[in-house]
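What follows is a single structure, written as structure tokens, with notes after it.
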Amino acid sequence: MRITSNGSVPAYEKIARQIKASIQDGLYTYGSALPSETKLCEEYDVSRITIRRAISELVDDGFLEKVHGKGTFVKYRRFEQELLNLSGFTEAFGKKGIRVSHHIIEESIEPADLVTRKQLQIEKSEKVLKIVRLHYLDESPFSLDTSYFPESKFPGLFEFLKEDDSLYDIMKKHFHISPLHADRTITIATPTERECQLLECDMTEPLFKMEKLVLDDDEPLHRSVLLTPSSRVSLKLRM
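Residue numbers (the working numbering): 5 to 243.
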């Protein structure tokens, strides 16, 4: 595939756009190494200087990073998350034009731990619906979400849950419940080996741990714990 300059668009910029599109389409996955300069020169039929300039532009834009002695790697994108936004995960990022998807890791019915029981204001004998999902933004793993719902308030919730469904949409459509408030607490956590595997992050990278309690008026609806690698999110608070 020969890339040439056309009008006001130079060849290196065209190549940068194509590589960027390949990243967003999942051809080059996040954290993976980009093909060598030699292979890229052959693929696009351009000089090494042109390839280096295209790569340099993508490094400056935050899509690639160079690791000395190892090569050029696809960099995880950092997304901005608004702390005062009550919207669910799908709505909050979807309205920004970001591709949102989810993978269900676990669905279970179990006794609530002490913290969950207190926050949801349920009796010791009551059980909770536990849902663990891995959230993806633009095909890249972004956060691990563990949510707890009182079984008495949301009977049959699992029947309505599909991979890419919004939990807030399910609550509104099938249970006629709309969240009105949310309390959030943010701390720093060290990832476990399993969390590193799911999030594709390093054991040394700290995670933002966001604990959220969602309420309807003053009645708790569900509790969630969201784990996000610190390099992939900027937390925004507007006062």
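C-beta: ideal position from N, C-alpha, C; glycine also. Predicted model only: the values in this text are computed from it and were never measured.
Beta-carbon within less than 6 Å of residue i's beta-carbon, same chain only, minus the 5 sequence neighbours each way: which residues are those?
{"i": "I55", "result": "E41, L44, C45"}
{"i": "A58", "result": "Y16, I19, A20"}
{"i": "F162", "result": "E111"}
{"i": "H185", "result": "L219"}
Verify the CB distance criterion: does residue i have a CB-CB separation below 8 Å to chain C?
{"i": "R137", "result": "Looking for chain C here will not work: only one protein chain is present."}
Would you give the residue range spanned by the alpha helix (DSSP H) that residue i belongs to?
{"i": "A25", "result": "15–28"}
{"i": "Q123", "result": "118–124"}
{"i": "M175", "result": "171–179"}
{"i": "L219", "result": "Segment 211–220 is the beta strand (DSSP E) holding L219; no alpha helix (DSSP H) there."}
{"i": "G98", "result": "93–98"}
{"i": "L203", "result": "197–203"}
Here's the rule: buried if 16 or more other CB atoms are within 10 angstroms of the residue's CB, otherwise exposed. What is residue i?
{"i": "Q125", "result": "exposed"}
{"i": "I192", "result": "exposed"}
{"i": "L118", "result": "exposed"}
{"i": "A116", "result": "buried"}
For residue i, report the span of its beta strand (DSSP E) as first-last.
{"i": "A193", "result": "185–193"}
{"i": "R137", "result": "131–141"}
{"i": "R227", "result": "223–233"}
Indicate whether residue i and residue j have their beta-carbon atoms separated by less than 8 Å.
{"i": "L87", "j": "R188", "result": "yes"}
{"i": "F153", "j": "V136", "result": "no"}
{"i": "V218", "j": "P183", "result": "yes"}
{"i": "S123", "j": "P224", "result": "In the sequence as displayed, the identity of residue 123 is Gln instead of Ser. A contact, by the Cβ cut-off of 8 Å."}
{"i": "S156", "j": "L171", "result": "no"}
{"i": "K240", "j": "Q22", "result": "no"}
{"i": "E114", "j": "K134", "result": "yes"}
{"i": "I181", "j": "D220", "result": "yes"}
{"i": "D195", "j": "M207", "result": "The residue asked about is misnamed: residue 195 is Pro in this sequence, not Asp. Against a cut-off of 8 Å, the Cβ pair of M207 and P195 comes out as a contact."}
{"i": "Y249", "j": "Y34", "result": "Any property of residue 249 remains undetermined from this structure, which presents the chain solely from 5 to 243."}
Got a sec? Which residues, its chain only, sit under 8 Å from residue i by beta carbon, not counting five neighbours each side?
{"i": "F83", "result": "F97, I102, L141, F146, R236, V237, S238"}
{"i": "S234", "result": "I192, E209, P210, L211, F212"}
Less than 7 Å between C-beta atoms, sequence neighbours within five positions excluded: which residues of the same chain meet that for residue i?
{"i": "E143", "result": "G30, R103"}
{"i": "H178", "result": "F164"}
Q.
Can you confirm whether the segment 20–28 touches the segment 57–73 when touching is taken to mean that 3 or more C-beta pairs between the two stretches lie within less than 8 Å?
A. They touch, by the three-pair rule.
Q.
So, does the segment 70–88 touch the segment 105–116, judging by three or more C-beta pairs under 8 Å?
A. They do not touch, by the three-pair rule.
Q.
Quick check: the segment 163–173 against the segment 196–214, are at least 3 beta-carbon pairs closer than 8 Å?
A. Cβ pair count under 8 Å is below three, so no.
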